[in-house]
Structure formats: structure tokens, C-alpha cells
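Chains as they are written, first to last, in full-length UniProt numbering: chain B, 1 to 385; chain U, 1 to 385; chain A, 1 to 385; chain Z, 1 to 385.
4 protein chains.
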Amino acid sequence: MRNTKLKMGMVGGGKNAFIGAVHRMAAGIDGQIELCCGALSADPLVARESAALLGLPKERSYGSYQEMIVEESKRSADDRMNFVSIVTPNFAHFEPAMMALEHGFHVVLEKPMTLTTEQAELLQQKVAETGLILCVTYTYSAYPMVKQARHLVKEGQLGSIRKIMVEYPQGWLSKMIENGLSLAFWRTDPEKSGKSGCMGDIGTHAAHLAEYISGLKITKMCADLQTFVTGRKLEDDGNILLGFENGATGVLSASQVAAGEENALKIRVYGELGGLEWNQQDANTLIFKQLDAPTQLFRAGQQYLSPIAKHNIRLPAGHPEGYIEAFANIYRNFAATLLASMQGIDPREEDTDFPTVADGLRGMKFLETVIASGKSAQKWTNFIR
Amino acid sequence: MRNTKLKMGMVGGGKNAFIGAVHRMAAGIDGQIELCCGALSADPLVARESAALLGLPKERSYGSYQEMIVEESKRSADDRMNFVSIVTPNFAHFEPAMMALEHGFHVVLEKPMTLTTEQAELLQQKVAETGLILCVTYTYSAYPMVKQARHLVKEGQLGSIRKIMVEYPQGWLSKMIENGLSLAFWRTDPEKSGKSGCMGDIGTHAAHLAEYISGLKITKMCADLQTFVTGRKLEDDGNILLGFENGATGVLSASQVAAGEENALKIRVYGELGGLEWNQQDANTLIFKQLDAPTQLFRAGQQYLSPIAKHNIRLPAGHPEGYIEAFANIYRNFAATLLASMQGIDPREEDTDFPTVADGLRGMKFLETVIASGKSAQKWTNFIR
Amino acid sequence: MRNTKLKMGMVGGGKNAFIGAVHRMAAGIDGQIELCCGALSADPLVARESAALLGLPKERSYGSYQEMIVEESKRSADDRMNFVSIVTPNFAHFEPAMMALEHGFHVVLEKPMTLTTEQAELLQQKVAETGLILCVTYTYSAYPMVKQARHLVKEGQLGSIRKIMVEYPQGWLSKMIENGLSLAFWRTDPEKSGKSGCMGDIGTHAAHLAEYISGLKITKMCADLQTFVTGRKLEDDGNILLGFENGATGVLSASQVAAGEENALKIRVYGELGGLEWNQQDANTLIFKQLDAPTQLFRAGQQYLSPIAKHNIRLPAGHPEGYIEAFANIYRNFAATLLASMQGIDPREEDTDFPTVADGLRGMKFLETVIASGKSAQKWTNFIR
Amino acid sequence: MRNTKLKMGMVGGGKNAFIGAVHRMAAGIDGQIELCCGALSADPLVARESAALLGLPKERSYGSYQEMIVEESKRSADDRMNFVSIVTPNFAHFEPAMMALEHGFHVVLEKPMTLTTEQAELLQQKVAETGLILCVTYTYSAYPMVKQARHLVKEGQLGSIRKIMVEYPQGWLSKMIENGLSLAFWRTDPEKSGKSGCMGDIGTHAAHLAEYISGLKITKMCADLQTFVTGRKLEDDGNILLGFENGATGVLSASQVAAGEENALKIRVYGELGGLEWNQQDANTLIFKQLDAPTQLFRAGQQYLSPIAKHNIRLPAGHPEGYIEAFANIYRNFAATLLASMQGIDPREEDTDFPTVADGLRGMKFLETVIASGKSAQKWTNFIR
């Protein structure tokens, strides 16, 4: 009988922070996780106000992540937080994550996981040492129809994969809005965001999705990166030719200056026998195009889906689930795995299907390769190991 | 500073109950409501197991709604539940709702509100007497793009309304599945569901949506009801010609035997100057067709939307919100109104935009008129007052 | 070896006439028919100018249909026109058609076939007497994916049909434009158009399509007709409940005041096992929704289609064919049947698949029933025999 | 008064030839061009049979293009063909085109225009010398909504262009079908098709479309070409990074092994202020995405379109026009320009909007650059001048 709610502490995510609120909704929707404490802002006043708005007890509204980790460690095992969710800008991922792991707390971390590949490797080592769980929120691979896509590829319904087209156009940075909008501000500042802009913010999602669905690793790439908006410090657009381990090719295109686009992540995977198409903005449909047979529309909530897709769906067909539910799938699977770990039992296989430190590290290597390829005059740059 | 979480008690919604789980997700997503107690099943064993699964304390897992209402009433004002959410089959709506109101508890109730119009009127009287809030979960009018549609009509962008086409095709009852599936079982049993089947289950949503968006009341109708599946006790399909107060006409078509359809609620409203189209399965888009100008696509999350639409959205454009989020809008608005009431202040206007006992009563009169029209040989039957 | 081009004479269709130009394009596209003569306008000057623009020889540009029929009759069998295409407003269909038949000419006629049912019956008798072919251009049933839909129903892939929803919204008459636009003018004038407006112009297409795809006859109806635009003489909108011979029900909705709509003819047919959906504005796709299996998209030009669908397609998949090609299918099938008849052989079955005088007569009875039902206070009016 | 029909002679396009039939339908639909003679096949027997099927007089069914050009030259100016339409495989374009020009005949030619850039340059010189018209059938830029897209870019509605994504996935060569299917056979044979396969067959359409809509020239590229099907002699897939003269970037992706795709040419153009999207398989809609305003759908046949778009439309909105009509726009504009030339007057500007020898030559240079880039280890290869 599973009735223990997991206790979550949050770093970042104060009032007006977008992604922190998403994490709380995602963690809260399934009733298995409760926010018990937070260091919700680097500004102690904002942290306190935010905690009050969220109904946190005063004594568990901390002024810093260090304080939170130290103080929670002192509480009894029953009472202290079980894991830390870190929803700060990129530059403030590594230190709280490392400290949390060092104090025995599991971690949920936003992507890209760190500022540098070195930091990512240190986290991976620490996870290996401690046996703790570090989950990285590559949200889009958590959609049920993405699970179905991966399942169809695995089953061989496409035959050998030949071509992968993945694109992620957004338009919200089409103008110079960095100075007015905090969301835009840190994402375009190399010190806060890392060496890449658009690619770190959204390109890494696209790469993760391509590898997740196809089960194939990118082995080389040819990147053309651009900064279209005058005065911007990081690239806001990029097109990349891809090579995969089995000889498949592809294109990854990401943009934050595709004026008029919202969040139009889309992937197409073609094999010898057919092609799959999935579009995040129409997330409950997976299109399966076949050679010499009618195109099929797989729909979330239907009984004919694979078990792994159904495991990540809450509602009957025709009741759309969206971004928060996909995000919640990560938290739900993470929580189930964590609970199993706490109970000393093996998690169910379907519960272990969430991105971990290995995905986070791979994301960092992807970004490093992208930057190297962007600067190179050679066509191909090998994926950095 | 808003930090009080509202406490919810639930009647029905034990394990395997679909709609109870939806209510809990919807209530939980925004972090303002917590489930504090429940009488989760008419079967005490199931009730207890369900409560344990949800992490409810043993002493607040009640064996019946009567027990819950009595026991919670004995608790201190700070500690007792603030409202009851009733998610039982139709036949078990009225008694717990009435008892809750009589003991001073606010109520959230599934639609159709009651078994009979008389019961609905009794609830309305009790609400008027007590000043308590009774919210009826007509989910679909809580979608943000439905709010935008209502706004555009109100603003006069369509001119005078001429025609309203609303349809709600489902296919899940295409075969005789009543005996095997509890969801289907009570919905097709007149004693548990009321005098109508398809119309009570989904037709009433369509009627509510049409009146909500257009701001117009249905004044007459001509119904053709059918039971296509042999042995079924209630209608599983119906087409209704509609007349509205301003002379507009329309069609309401609902079916649970539209084989291959999921939950394809769709509405089109045409006025002198243009037409609106909204499809629940593509909920984040509102199509605005204009005379002599390009069709416009309004999209959830965009800055150009009306304040009332934005009030019911959590995420930026391109991050789809779905059924649970729409449902959560009802809970969130209800909760904000309830909190204002508890604090003795006027709620914000946008928070009061949720369906109440008046909508529930109107729904019952709609069903009564549908049944009367279905039996009549005359073309038109006036909407029953 | 088939190398004879059929010779067409045209009544109506002078310069600026919309539908006459469509007939000429449709007749011309497949290279089997050539325009040899015409009485292109009731105004002799316009007739002559139009003939010159079309490159007709002066001596075969006639001042009236009477003159054309008489003069062409005098020509040798090799030289004279083989058939007459009549593309005048409704009121000017019957006389030239009857005279053409009386002089031994085959006829292509626009819908609705005549002004009255009596005229339609006279034409049917004359066709029966003479053995000539009279083709009525119900364009929409000539689309290849409509053929595929009919095929799937015939094959039993939907099981017994339960429900048919057909709709035909247009918006072009949303305002009072009759006085300025000749297309609108005669369509809204009872003397030129007949007793019905919207239903005669487009509703009859919808009814034909429903019966064509389903293979079922409408047996009763309940019509609500409206004239929304002040000063208009005929109905510009209507919603009709339908009953079919096998007990299936349905709705036919047509409007010319659905502001913002173009020519959005759409049909859905539901049976026990699945549903079909076809939308004229996306004509190359047929959607097949199934119980408990993914929805399938049948696409024009694919090899997996039925022979009757392929017979009506010119291009490989992905090369869209449209309205003119559908129209041309009627001419092509008519021409092949006529050629076979001229050669004294049986036409191929697939060539005989075009609407004839029987369809034209049925269309007139449909309109008569619609008008009777519209005036009746009873719910149901039986389809007039 | 325009009543002269132009006379067309055809080289290639015998029975069972796909593209020849398309040319005849396209030339025939508007009633301004008639097929007067042909050398319809390299096989004299097939040529004669094909001519008979098309109703050509025996004496104008020629055994070779040489015979046709010589014999037609001997006829009187009124009687002889006005232009030659060449619809043979690529390797048989140059010689008949050159000979036709040398004998004073205008030419319509399929793309890619020739086998080599040198041949293309020779044709361009001959056109310049003779003042004759050579039209190359880049069909897709003839769609009305493509004209509208070009118009919106020209008008500045997108601001400066930043990014162009053009893709052309087909799936029909997913398997090794060369030996059985003549269409596939010559397209994959270097001696008949030229040095490129997929890029010459469809990639060149995509490049033309990108330059046509944007008004920008490609200046550099980085091509990754693949042959996925074992035993195939030419590339069947390719992805190309693009650079444009104004600094815009882009991707061109074409494939004939994108299993399950039909003919899914699609282009997106993004500028500072918005983005355009057009999909050939939904050809009557142009999507205009705007910053901070609802997305607009421009639809063929609407009054609000630009004059150049309307010039290329035959039907009112909602009556879909397709591939043949687009193709016919080229013939219609070519014919009008040719007629003006024959009458010694200036053609109307809108009539001159069809692809000419300059477009054909640019297409050959595009292919040459693609091949060079595909072989290069450098990232960028400049567009060959």
C-alpha cells in the first residue's frame, strides 16, 4: 500500500519565476509529492514572500540553498525533505546539486544540467559514488506519444532508421528584449546561461528527443550558428547536419527568432518501412506514415497503445493532456523509483524511464560539440566523448 | 498575502473511479487545495483502501458521507474541511449535496447536478438560504479559448449571432459494454443516471457551452433521440434543432455511438460579421473566421488575448494545457471566490467565472425539455421554465 | 483505339459567367471533348463576344438555344454537336434540355435540374423514351475520395450505418449583395431560382452526397429554414433532421450566411464499426475512424485505393486534384458512356458512375419535401415520392 | 479580342508517360492552347499509337523531333505549331530544345533544364540571340498562394528575412524499384538523369521555390548527400545548409526515401516580423505567423489577396485548385506572353511571371554546386557562378 508522500525542497522558483511554478504543478498533480521547504530566491526577501504565498511554514523558508540543505539534514529521516528540486538559471545548478548529493539528498535538476561538461562529469561521479538519483527534466521525452514513438521504433515497425528531422522553432527572442524580461535576460547572458544560447535552451531538448525516440546516438555534426539580433551575446538560431551511429543522417534546427512561432518542437523519423511524426503543439497525436498503406494516427488514451505509453497517460482518449502532465510524468516516475529505492525494492521498469545524470552529461557534450562545430571550417565535427 | 490552503472532503472517487481522480488532480495542480478527508466509496472496505492510497489519515477516512459531514462539523473551524466535492454517479448527488449545505459546507458537484429538476430546485433554494457556494463542474466552459470566444462575442466582433452548431460525438458506447465496464454501467441505467443517457452525460455539456459562449438562452428545441445499441435502456444518440432567444437557430448533436470518435466536442458560432470555431481536442486554438479578411487563429498563452482568457492560463504559448488544467480553472476560481468569502471581501470578477447552482438547474431543465421534445410529434417544444 | 473527340454545344456560360467557365475547363482538361458551338447568352451581343473570346467560328455562335439546336440538327452526323451542356440559371434549364432531347441530343445539366418536380418528371420520361443520356452535375460526388468512401461503406467496413452528419456552410451571402452581384441575384430570386434558395443551391448537393456515400435513401425529415438577411426572398440557411430507410438518423445543415466560411461541404458517416469523414476543402484525404484501432488517412493517388477511386484520379499521391478535376470526372465518365453508346457497345461499369436524370429528379423531390417540412408544425415530413 | 488558339507540338509524352499527360491537361484546361502535332515517343510505333489516342491527324504524328521541327517549319505561319513542349527524360532535353530554337519555335521545357551547365548556357545564348521564349516548368512557384507569399515578402510584411526552411520529402524510392518502373528507372540512371538524382528531380524545385518567394539568392551551401538504397546509382536523399545573399540562413532537405511521404514540398520563411508557411499538399492555404498577433490564414480565391495571386486563380474560395491548375498557370502566362509577342505588343507584367531559361540555368548551377559541396570536406562551398 503506497501512501507515503515524498517531501520536496525547492531551490529557486520564487514568485514570477516561470519554470519553478511548472515544477510545483508537475510535482503536485499526482498527489504523491508535497513541497515541504524552499530556498526560493537568492534575494531573502523574495524568498520569504514566495514561501508565504505557497503556504510554507516560516521555519522551512530558507535564505539560501546552503542553509536549506544543512538545516533539513538535521531533521529526522521522517521529517526532512527527500529530494531537492533545483530550478535556478543554468549557472546556479551545479553547486546546489553537488551539495545536495553530498548531504544525501536526491536531486531534480533543470536542463542543461550544468554550465560546463566538467561540472556534469563531477555530478555523474558523485551520483555513482552515492547511489542517489539525479533526474534531469528533459520534459519532451516524457510525453506519452513520444513513448509510443520510441516503442514503434524499438519494435522494428520502421525498419532500419535512415533520416531524422528535428526542429525547435520559437519566436519570442525575435527582438532585443533581454533588458526588460528576466526570462530572456539570463538565457542570453553567457555568464548565467553557458557558452550557448538557443542550443542550450532548446536545441538540447531536440537532440535528446531524437536520440530518445530513435535509440541512436549522434556521432558527428555540422553546425551553422547565428546571432540575428544585434547586440545579443549568444547564438539565437542554428541549423545542424547530423550523422548517427548507424549511418542515418538528419537535421536539427532550432531558433528563438523564428518570428510567429510559439514552441513548435517537432520530430520526424524515417526508416525503411515508414515514418513517424510528432509535434509537441499537437502532443496527443502520433502520425505513422507507411509505405503503401494508409497513414495511421495514434492517439493518447487509446487502448491499442503500448504499455509504456499508457503508463504515462492519466485520461481517456480525447481528453487532452499537455505540457504539465508530461512534466508530471518525470516527477511521477522519479518518485516511484525513489520510493522503491527507499523501500529497498527494485523499481518497476516503466518507472525508471526518466532522464538521469547520464542524459544531463550527454546534453553538455552535445553543446560542447555544437560550439566546436559552429567554429570549425570543416564540414564534420565528431561528437565529443 | 494568500497562504491558506483550502481543505477538501470528497464523496466518491475511490480507486478505479475515473472522475474522482480528475477532481483530485484538478484541485491539486495549483497548490491551493488539499484533500483532508473522504468518504471515497459506498463500500467501506474500498473507501478505506482508497484513503490509504491517497495518504489520508485513518481517522478522516469515513465510511459514509453522512459520517464525514457530521464528524467534520465537530472539528474546529481551522481544522475541518472547507468544502465537499461530490463525484458519485448522478443518483448520489442530491442527498450529500443537500446535507453538506445544511451543515454549512460549500459544495462542488458533478454534472448533471441531480436526477430531477425538483432536486435541482431544492438545492438552489438551499444555496439561496445559506449563502454557501455550490459549484457545478461544467468543465468545457473553463478552457481559456472558450473564455476568449465568449469575450469576442460579448465585444461584438461577430455582430448579432445567427447560428450555433454544437456537437459532441463519442464512440465508446458503440457496442453493448454496460455489463463489463462500471463507467458505462451506471451511465446507461435510468435509476443511477436519470431519465436521459447520452444527453445527460454529454449533451448537457454542449448546451451549456453554446449558451456560455453566445450569451444567448435556448428557448425551443426539436429533438430526435435514438437508442442504437440493442438492449440499452437510455438514448445513446440525439440530434436537436435549436432556437435561441434572439432568433438565432442551431443544431446540437451528441452521440456515444459515433464509432471511432473520442471526445470530440466542437462548437461553431456564426454572426453577421464572422464565425468562431473551437474544438476541445485542439483546445489551445480558437479559429476566428471573418468576412473578407484572413481567418485568424487565437492561441492560448499569447499576450493579445483578453484578460479573462489569460486569467485561465498557466503557461506561455505553445505549451499545451489540457483537460485537467481546464478542470483546475473551475477549482481555482471557486477556491478564490470561497477564500474571498471567508475573508469577508468581494471576490475579483474573474474569479467568479465558474458554473454554479443556476447552471446546474438550467442543465436539468434542458434535459427535461429534451426528453419532452423527443417524445413529441410536434416540431417545436418550448424550453421548460 | 479511341481518338474521337466529342463535340459540345453550350447554352449559357457567356463571359463573366462563373459556372460556364468551370464546365469548359472540366470538359477540356482530359482532351476528349471540344466546344464546337454555343448560345452563350440570352443577350445576342454578349453571346457573340463570348463566342469570339472562346475562338468559336462565327457561324456556330448562335443567338438562342433554339437556333443552335435547330441549326446543329441540320449538320451531318459527323459534324454536328454530340451533346448540349446547359449552364444557365435554374429557370432556364428545362426548355433547352427538353428541346435538345427532342432533337436527339444528349444533355449535361446543372443542378437543381429544373424549377419544379413536374418538369423533372417530364425530362425523366423523355430520357426514357429516347434512350438519350442526361447527366446532372452533382460535382461533389465525383471526387475520388468520395468514391472511396462509398466503396468502404459498400464493402461493409463500417457495418450498418447509424448516423450521417452532412453540412454545407458558406458565408458569401452574409450581407445583402443581391443587387450588385449577378451570381447572387438570380440565386435569391424565386422566379429564377425556384422555391428554395440555400437548399436548392447547396443543400441539394449535401443530400445527394449523403445518399451517394451511404447508399441509403432519406425517408423523412424535419426542416427549420431561415432567411436571416432582411429583404432576401428565399431562405439563406437551414437545419434538417434526417431519417434514412434503414433507421439511421442524421442532420443536414446548409447555410449561405455562415460568415467566414468558404465552401465547407463536409460529411461524416458513422456505422457500428467506424466512421468516415470527408471535407471538400481538403478533398484528397478521407479519414477513417475505427473502433479500437488507429484512425486511418486514405489519400488520393495511393495504390491501396479501390479501383473506382483510382478510376477518378489523374495524378500520383501528393499532387492535389481539386474541384475542376472532380467536375471533369463527371464529363469524362459521361463522355466515355456516350462514346460507348455511339459505338453500340456497353460502357464500362466505372464509366457509368455519374449523376443522371434520376438523381436530378430525386433532387427536386428533396427540395419539395424540404419546403413542405419547413412549413409544417409536425416534427416529421415523409420524403415525397 | 483574344480568340487565337496557340498550337503546341509535343516531344515525348507518349502513352503511359506521366508528365506528358500533365502537360497536356495543363495546356488544355484554359482553352487557349491546342495540341496540333507530336513526336510522342522515341519508339515510332508507340509514337503513332499515342498520337491516334490523342486524336492527332496522322500526317502530324511524327517519328522523331527532328522530323517534326523540319516538317512543321514548312507549313504556313498560320498553320504550323507555335511552340514545342519537351517532356522527355533529362538527357533528351537539350537537342530538341536547341533545334526548335534554331528553327524559330518557342519552347516549353521540363526541369532540370539540361544534363549539364554547359548545355544550359548554350540554350541561354540561343534564346538571347533569337528573342524566342523558353519556359521551364518549375511548377510549384506557379501556385497562387506562393505568389501571395512572394508578394508579402516584397511588401515588407516580414521585415528582413532571417531564415528559410524548405523541405521536399517523398517516399516512393524507399525500395529498389528502378528495374520495374520506368519513372524510377531513368531518374536513377546517371546517363539519363544527370549527375544528381534526388536533388535534380526535386531538390531543384525546393531551391527555386526558396529563391522565388524570398527574392534572395543562395550564395553558399553545405551539402550532405546520401544513397540509402543499396545498388542505386545516384543520391536519393540530401540535407543542405544554406546561406543567402543578405546573410539569411536556411536548410534545404530533400528525400525520395522518406518512407510514407507523398510529395510533401513545404517552405517556411521567417523574417524580423513574422513567418510564412506553405505546404504543397494543402496548397490553397498560406499561413502567416505574426509577432504578437493572431496567425492569419490566407486562402486562395479570396478577394483580399494581391492582384498577382488572383491572376493565377480560376475559382472562388473554397473550390480547391491543385497541381494541374498550378501547372496551367505556367502555360497560361507563357501563352499570353507569347501571344503579345506575336502581336508585337508588350505583355502584361503579370503574364511574364513564369520561369524562363535564366531559371533553368540557375537550376543547373545549383545542382553543380550541390554535387561539389557534397564531395567537399569543407563546410561551405560557394554557389557556382
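No residue lacks a Cβ here, since even glycine has one placed at the ideal position from N, Cα and C.
Paired residues, beta bridge with residue i - DSSP
| i | result |
| --- | --- |
| Ser85(Z) | Met10(Z) and Val108(Z) |
| Ala254(B) | Tyr168(B) and Gly238(B) |
| Gly247(U) | Gly247(U) is not bridged to any residue. |
| Cys135(U) | Val108(U) and Thr356(U) |
| Phe334(U) | None, per the DSSP bridge assignment. |
| Asn382(A) | Lys220(A) |
| Ser61(A) | Gly38(A) |
Start-to-end residues for the beta strand (DSSP E) that takes in residue i
| i | result |
| --- | --- |
| Pro169(B) | Ile161 to Pro169 |
| Thr295(A) | Ala293 to Arg299 |
| Gly274(Z) | Gly274 to Asn279 |
| Val269(Z) | Lys266 to Gly271 |
| Lys310(B) | It is not in any beta strand (DSSP E) - Lys310(B) instead sits in the alpha helix (DSSP H) that spans Pro307 to His311. |
| Glu211(U) | Looking at the DSSP string, Glu211(U) is not in any beta strand (DSSP E); the run it does join, the alpha helix (DSSP H), is Thr204 to Ser214. |
| Ala42(U) | Counting along the chain, Ala42(U) falls outside any beta strand (DSSP E), and DSSP gives it neither H nor E. |
Residue j beta carbon less than 9 Å from that of residue i
| i | j | result |
| --- | --- | --- |
| Thr204(A) | Ile384(A) | no |
| Val291(A) | Phe298(A) | Correcting the residue identity first, residue 291(A) is Leu in this sequence and not Val. No, the pair does not count as a contact, with Cβ atoms beyond the cut-off. |
| Ala377(A) | Lys379(U) | yes |
| Leu115(A) | Asn90(A) | yes |
| Asp237(A) | Lys163(U) | yes |
| Gly200(U) | Glu262(U) | no |
| Ser141(Z) | Cys198(Z) | no |
| Arg24(Z) | Leu35(Z) | yes |
Residue i, enclosing alpha helix (DSSP H) - first and last residue
| i | result |
| --- | --- |
| Glu95(U) | Phe94 to Glu102 |
| Leu122(B) | Thr117 to Thr130 |
| Leu152(U) | Pro144 to Lys154 |
Euclidean distance between Cα positions of residue i and residue j
| i | j | result |
| --- | --- | --- |
| Leu216(Z) | Ile161(U) | 46 Å |
| Phe94(A) | Arg362(A) | 15 Å |
| Ala372(B) | Pro190(B) | 16 Å |
| Arg2(Z) | Gly247(A) | Legend: pLDDT at Arg2(Z) = 43, less than 50; position of this residue unreliable, no value from coordinates given. |
| Ala210(U) | Val269(U) | 8 Å |
| Thr285(B) | Ala293(Z) | 26 Å |
| Phe244(U) | Leu241(A) | 18 Å |
| Ala316(Z) | Ile330(B) | The sequence shown places Pro at residue 316(Z), not Ala. Answer to the nearest angstrom: the Cα atoms are 50 Å apart. |
| Pro57(Z) | Gly14(Z) | 15 Å |
Simplified DSSP state of residue i, which is helix, strand or coil
| i | result |
| --- | --- |
| Phe18(A) | helix |
| Met342(B) | helix |
| Met221(B) | strand |
| Phe288(A) | strand |
| Asn90(U) | helix |
| Glu71(A) | helix |
| Ile177(U) | coil |
| Glu35(B) | Per the sequence shown, residue 35(B) should be read as Leu rather than Glu. Of the three classes helix, strand and coil, the one that applies to Leu35(B) here is strand, per DSSP. |
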